[in-house]
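Worksheet for the structure shown next.
Number of protein chains: 4
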Amino acid sequence: MTQDDTITTKAPTRRTQAKVERRLALIEATMEAIALYGLSGTTMARVTEIAGTSIGLANFYFENKELLLEAVLQHLADQEQAVLQEHLAQAIDDPGERLIALVDARFDPRVCAPKTAAIWFAFWGDASARLIYRRVVQRTDDARLEAVVPLIKSLLAEQDGPPRDAYDIALGMEAFYDGLWLNILLYPDDFQRADCRNRAVDHLTSLFPQRFNTLSLAANGANQAACSKDMTHGP
Amino acid sequence: MTQDDTITTKAPTRRTQAKVERRLALIEATMEAIALYGLSGTTMARVTEIAGTSIGLANFYFENKELLLEAVLQHLADQEQAVLQEHLAQAIDDPGERLIALVDARFDPRVCAPKTAAIWFAFWGDASARLIYRRVVQRTDDARLEAVVPLIKSLLAEQDGPPRDAYDIALGMEAFYDGLWLNILLYPDDFQRADCRNRAVDHLTSLFPQRFNTLSLAANGANQAACSKDMTHGP
Amino acid sequence: MTQDDTITTKAPTRRTQAKVERRLALIEATMEAIALYGLSGTTMARVTEIAGTSIGLANFYFENKELLLEAVLQHLADQEQAVLQEHLAQAIDDPGERLIALVDARFDPRVCAPKTAAIWFAFWGDASARLIYRRVVQRTDDARLEAVVPLIKSLLAEQDGPPRDAYDIALGMEAFYDGLWLNILLYPDDFQRADCRNRAVDHLTSLFPQRFNTLSLAANGANQAACSKDMTHGP
Amino acid sequence: MTQDDTITTKAPTRRTQAKVERRLALIEATMEAIALYGLSGTTMARVTEIAGTSIGLANFYFENKELLLEAVLQHLADQEQAVLQEHLAQAIDDPGERLIALVDARFDPRVCAPKTAAIWFAFWGDASARLIYRRVVQRTDDARLEAVVPLIKSLLAEQDGPPRDAYDIALGMEAFYDGLWLNILLYPDDFQRADCRNRAVDHLTSLFPQRFNTLSLAANGANQAACSKDMTHGP
DNA sequence: CATGAATGAGTCTTCATTCAT
DNA sequence: AATGAATGAAGACTCATTCAT
Numbered sequence: 008m009t010q011d012d013t014i015t016t017k018a019p020t021r022r023t024q025a026k027v028e029r030r031l032a033l034i035e036a037t038m039e040a041i042a043l044y045g046l047s048g049t050t051m052a053r054v055t056e057i058a059g060t061s062i063g064l065a066n067f068y069f070e071n072k073e074l075l076l077e078a079v080l081q082h083l084a085d086q087e088q089a090v091l092q093e094h095l096a097q098a099i100d101d102p103g104e105r106l107i108a109l110v111d112a113r114f115d116p117r118v119c120a121p122k123t124a125a126i127w128f129a130f131w132g133d134a135s136a137r138l139i140y141r142r143v144v145q146r147t148d149d150a151r152l153e154a155v156v157p158l159i160k161s162l163l164a165e166q167d168g169p170p171r172d173a174y175d176i177a178l179g180m181e182a183f184y185d186g187l188w189l190n191i192l193l194y195p196d197d198f199q200r201a202d203c204r205n206r207a208v209d210h211l212t213s214l215f216p217q218r219f220n221t222l223s224l225a226a227n228g229a230n231q232a233a234c235s236k237d238m239t240h241g242p
Numbered sequence: 008m009t010q011d012d013t014i015t016t017k018a019p020t021r022r023t024q025a026k027v028e029r030r031l032a033l034i035e036a037t038m039e040a041i042a043l044y045g046l047s048g049t050t051m052a053r054v055t056e057i058a059g060t061s062i063g064l065a066n067f068y069f070e071n072k073e074l075l076l077e078a079v080l081q082h083l084a085d086q087e088q089a090v091l092q093e094h095l096a097q098a099i100d101d102p103g104e105r106l107i108a109l110v111d112a113r114f115d116p117r118v119c120a121p122k123t124a125a126i127w128f129a130f131w132g133d134a135s136a137r138l139i140y141r142r143v144v145q146r147t148d149d150a151r152l153e154a155v156v157p158l159i160k161s162l163l164a165e166q167d168g169p170p171r172d173a174y175d176i177a178l179g180m181e182a183f184y185d186g187l188w189l190n191i192l193l194y195p196d197d198f199q200r201a202d203c204r205n206r207a208v209d210h211l212t213s214l215f216p217q218r219f220n221t222l223s224l225a226a227n228g229a230n231q232a233a234c235s236k237d238m239t240h241g242p
Numbered sequence: 008m009t010q011d012d013t014i015t016t017k018a019p020t021r022r023t024q025a026k027v028e029r030r031l032a033l034i035e036a037t038m039e040a041i042a043l044y045g046l047s048g049t050t051m052a053r054v055t056e057i058a059g060t061s062i063g064l065a066n067f068y069f070e071n072k073e074l075l076l077e078a079v080l081q082h083l084a085d086q087e088q089a090v091l092q093e094h095l096a097q098a099i100d101d102p103g104e105r106l107i108a109l110v111d112a113r114f115d116p117r118v119c120a121p122k123t124a125a126i127w128f129a130f131w132g133d134a135s136a137r138l139i140y141r142r143v144v145q146r147t148d149d150a151r152l153e154a155v156v157p158l159i160k161s162l163l164a165e166q167d168g169p170p171r172d173a174y175d176i177a178l179g180m181e182a183f184y185d186g187l188w189l190n191i192l193l194y195p196d197d198f199q200r201a202d203c204r205n206r207a208v209d210h211l212t213s214l215f216p217q218r219f220n221t222l223s224l225a226a227n228g229a230n231q232a233a234c235s236k237d238m239t240h241g242p
Numbered sequence: 008m009t010q011d012d013t014i015t016t017k018a019p020t021r022r023t024q025a026k027v028e029r030r031l032a033l034i035e036a037t038m039e040a041i042a043l044y045g046l047s048g049t050t051m052a053r054v055t056e057i058a059g060t061s062i063g064l065a066n067f068y069f070e071n072k073e074l075l076l077e078a079v080l081q082h083l084a085d086q087e088q089a090v091l092q093e094h095l096a097q098a099i100d101d102p103g104e105r106l107i108a109l110v111d112a113r114f115d116p117r118v119c120a121p122k123t124a125a126i127w128f129a130f131w132g133d134a135s136a137r138l139i140y141r142r143v144v145q146r147t148d149d150a151r152l153e154a155v156v157p158l159i160k161s162l163l164a165e166q167d168g169p170p171r172d173a174y175d176i177a178l179g180m181e182a183f184y185d186g187l188w189l190n191i192l193l194y195p196d197d198f199q200r201a202d203c204r205n206r207a208v209d210h211l212t213s214l215f216p217q218r219f220n221t222l223s224l225a226a227n228g229a230n231q232a233a234c235s236k237d238m239t240h241g242p
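Protein chains in written order, with my numbering: chain P, 8 to 242; chain U, 8 to 242; chain V, 8 to 242; chain G, 8 to 242.
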């Protein structure tokens with residue numbers, strides 16, 4: 008009886024586990040392939056060669072190339088979301104701090120790298136891949152955007168000067184970060200991740216000069232340094 | 008560019024002229040195809056169908072597909088350069104004005120449109136196309152960037168506050184504009200060209216608050232309105 | 008079928024019995040698949056899905072796909088043979104009656120249905136499957152054909168008119184029945200099984216007008232009615 | 008003149024062959040392949056190998072494998088129709104004669120051969136191919152069937168005995184011919200085309216004994232002999 | 001110059017079969 | 001016995017490129 012239990016609980020768990028792991032391995036191999044060869048150069052053959060599996064297996068797990076690509080996108084989105092939550096959890100309950108946390112999440116080494124950027128831009132850059140992107144990630148994107156708006160509103164309340172639209176500023180912020188990412192992709196030598204993070208904080212400073220002064224910046228700089236050890240998330 | 012006129016009126020070069028026209032038609036058809044189907048969906052068959060020529064002819068004028076894509080990139084870069092010169096020529100000799108002119112050029116309807124953005128991002132997004140991009144346009148890009156630096160330096164001299172690196176700011180500016188372009192591509196409904204132009208000027212304002220005040224902005228807004236009639240740049 | 012209970016409790020033949028049942032389940036699932044998807048659409052995956060077993064098991068019981076298809080054919084042939092014997096056993100020892108019994112067997116609901124027809128024609132229609140058919144069923148077919156010849160000979164002796172070849176007539180009869188089956192398959196709405204049976208008897212009448220008159224037909228019609236309750240021979 | 012012919016046949020080589028000819032060559036190669044390997048064994052590779060072209064060319068002319076198969080069916084249907092018209096044109100305006108002409112058309116060597124039968128049954132035998140068949144040929148089939156009904160009605164008027172339904176008889180006739188075709192396919196040695204034609208006429212005789220007597224049969228037999236030289240229609 | 005038929009290597013996808021568990 | 005993950009050889013279809021006309 009005990010043995011029966013051991014058998015029944017052991018087999019499925021291992022099987023299921025293996026299944027998830029295989030899927031992940033294929034997803035990561037696909038990301039590797041996209042970064043190396045571009046989306047159009049990412050063939051099932053190349054993906055499975057990188058993953059060290061047979062071609063047939065990829066279709067066994069994903070049915071479709073498109074579904075594999077969707078899974079890649081979902082994986083990236085999930086990962087970004089997780090990193091974001093992590094940074095927000097560490098930040099104190101203050102709009103300015105939380106905006107900084109958002110920036111830190113955006114340029115966290117686990118999330119922001121030439122390779123990762125290559126994948127996002129691969130999907131953004133191709134008309135048909137863009138459809139996949141819209142289907143899978145746009146909701147997540149929108150949610151993140153709208154999470155920023157209240158923070159900005161809080162900060163705007165502290166600021167002098169002419170009234171500004173919080174949503175508008177949020178869009179501009181995201182656009183700026185996207186632009187930095189693009190340059191990380193195009194000129195990886197000139198645009199280092201950490202510098203971009205600082206550039207993003209500078210941008211916050213110029214948007215909300217009264218909130219982010221030199222002192223707070225220095226503090227955050229030190230704060231961020233703790234995160235910046237490029238811990239590539241192992242396999 | 009004015010030299011073109013000389014060519015069109017001169018009889019002896021009729022054959023050459025036809026050749027140039029054919030090439031241009033194919034380049035524009037290619038751009039159309041990229042915008043419609045993405046880079047991966049842009050086949051020689053589709054391009055020549057749009058251009059109304061035969062497949063053989065395309066291979067006659069552009070030895071192979073890669074050279075055709077190079078020509079597309081070169082064409083876009085040339086056009087951007089021309090528009091930039093035009094805007095600079097109209098601007099008075101003042102750093103602030105010239106920066107505004109740069110922004111106006113960047114978001115000129117002839118140069119900035121979802122279709123055009125689609126093409127740039129198609130090249131940026133694909134690893135192998137990125138090689139073509141680097142080979143063809145990077146020089147132009149760098150030149151433009153370095154043209155901005157002196158302007159920024161001039162403005163920085165007028166500003167109070169801590170010293171800032173002009174080159175650094177230039178990179179940030181370009182990144183911001185790239186980000187706006189990306190959003191014009193991804194969310195054409197939310198990101199209208201004219202709004203992005205204004206957003207870019209706002210950005211300048213927050214960078215150089217003492218130079219660009221509300222008054223000058225209003226003036227520039229009026230200035231820009233003159234350009235904004237969406238004149239689709241015919242063949 | 009009630010035997011199942013006995014089987015599960017009986018130790019000695021349990022294994023063998025289970026084996027037979029599994030084989031039968033797989034054979035019937037294969038027939039289902041052929042009828043639904045055609046021979047070319049009948050994959051091991053689909054068959055085992057219908058049967059509710061694993062792919063591996065099918066390959067365990069039938070070394071490979073071809074042997075499974077052979078088994079299907081053998082199963083159909085055996086079933087037809089059994090039904091034929093049943094009808095012959097019920098018929099009195101008279102050539103005319105036995106011919107009618109043959110017809111009734113041919114169009115017995117357990118043997119003749121769009122689904123069954125689909126399977127036979129699937130094998131006849133495909134060049135490579137035809138080889139399997141020849142290997143497995145031709146002997147049975149020939150045997151049946153030759154069983155008919157003596158009956159026809161007896162009836163021919165009763166008939167007036169020019170001498171006719173019994174074997175020739177037998178071939179023609181079988182061809183006619185095959186043709187009816189094909190139409191049951193192609194036009195299931197226009198060709199109902201029971202009508203075809205009557206058409207076949209009409210054919211007999213036109214072949215042996217002196218033997219099969221209106222009276223005998225009516226009698227047979229009643230006879231056949233007893234068999235016609237469409238008892239789908241399910242598991 | 009002879010030289011002209013030599014030139015015109017020599018110069019165009021394979022290239023300038025009319026599009027229609029190429030299509031026809033591919034259709035005939037497909038028919039060959041179906042007869043040899045069955046529908047499921049008919050791969051584009053095999054078809055093009057038989058046709059002596061490249062794989063790509065078949066897709067250039069037919070876009071789809073399914074469209075190629077449709078074209079095969081259409082070709083067969085057209086050919087049958089043409090042969091039927093030819094036979095009807097030769098027959099005098101008499102219902103009996105026209106029915107014989109129909110039989111002769113059905114078993115004309117250009118239309119009825121193991122190879123041709125293999126193709127029809129290939130489409131009838133496979134569930135998915137049956138859909139193509141229905142889409143393409145059923146209309147033609149129905150038309151032919153309904154052309155027979157008036158002829159049968161005329162003959163029935165001449166006959167004694169109980170009233171019979173003309174449409175019903177027409178269905179039975181077609182079924183019989185289908186059955187003969189099936190046997191030509193399954194047992195090409197036992198079922199020769201010419202014998203089947205005679206068997207079909209015998210069938211007519213037993214259906215309309217007063218119309219088709221021994222004399223008329225003999226005459227038709229002679230008549231048909233003129234057609235029976237198996238002229239395989241060259242390439 | 002211009003055409004577009006022809007080619008064949010490359011891509012995704014399917015599926016019978018095997019084998020470790 | 002039973003499972004189903006894993007394999008890889010086909011198969012259909014695409015597409016840049018060539019070349020005869």
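Glycine included, each C-beta is placed from N, C-alpha and C at the ideal position.
Going by beta carbons, Y44 of chain U and A134 of chain P fall inside the 7 Å limit. In this structure, the beta-carbon distance from I57 of chain G to A40 of chain G falls below 7 Å. Contact of R206 of chain P with chain U by beta-carbon distance below 9 Å involves D175, L178, G179 and A182. Identification of residues in the region 43-72 of chain G having a C-beta nearer than 7 Å to some C-beta of chain V yields L43, Y44, G45, L46, S47 and G48, given in sequence order.
Residue-level contact check: F114 of chain G does not touch chain V, since none of the beta carbons of chain V fall below 7 Å from its beta carbon. No residue range can be given for V118 of chain P, since it is assigned to no alpha helix (DSSP H) and is classified by DSSP as neither H nor E. Remark: C-beta atoms of L46 of chain P and A136 of chain P approach each other more closely than 7 Å. F219 of chain V has a beta carbon lying at 7 Å or more from every beta carbon in chain G. E153 of chain U sits away from R218 of chain U, with the two beta carbons spaced by 7 Å or more. By the rule that beta-carbons nearer than 7 Å mark a contact, F128 of chain V touches chain G. DSSP, reduced to helix, strand and coil, places I139 of chain G within a helical segment of the structure shown. Counting C-beta pairs with one atom in each stretch, the region 52-71 of chain G and the region 80-92 of chain G have fewer than three that are closer than 8 Å, which means they do not touch. Classified as buried, N190 of chain G has 16 or more neighbouring CB atoms from the shown chains inside 10 Å of its CB. Nearest neighbour of C203 of chain G by Cα position, chosen from V:C203, V:A182, V:R206 and V:F69, turns out to be V:A182. DSSP, reduced to helix, strand and coil, places A134 of chain U within a helical segment of the structure shown. Distance between W127 of chain P and V54 of chain G, taken at the CA atoms: about 43 Å.
In this structure, the CA atom of A84 of chain V is about 44 Å from the CA atom of A98 of chain G. Taken through DSSP and simplified to helix, strand or coil, R105 of chain P comes out as helix.
Counting along the chain, the unbroken alpha helix (DSSP H) around G186 of chain G starts and ends at A173 to L193.
One thing to note: G132 of chain U has its Cβ no nearer than 7 Å to the Cβ of G186 of chain P.
Taking 7 Å as the threshold, the shortest C-beta distance from G168 of chain P to chain U does not fall below it. At least one beta carbon of chain P lies nearer than 7 Å to the beta carbon of A134 of chain U. Annotation: L91 of chain G to Y184 of chain G spans about 15 Å, alpha carbon to alpha carbon. Collapsing the DSSP output to three states places N71 of chain G in coil. From the beta-carbon of D185 of chain G, the residues of chain V found nearer than 8 Å are D185, G186, L189 and N190. Chain order gives the chain P residues near S213 of chain U as S213 and L214, where near means a beta carbon separation below 7 Å.
Rounded to whole angstroms, G48 of chain U and D197 of chain P show a C-alpha spacing of 32 Å.
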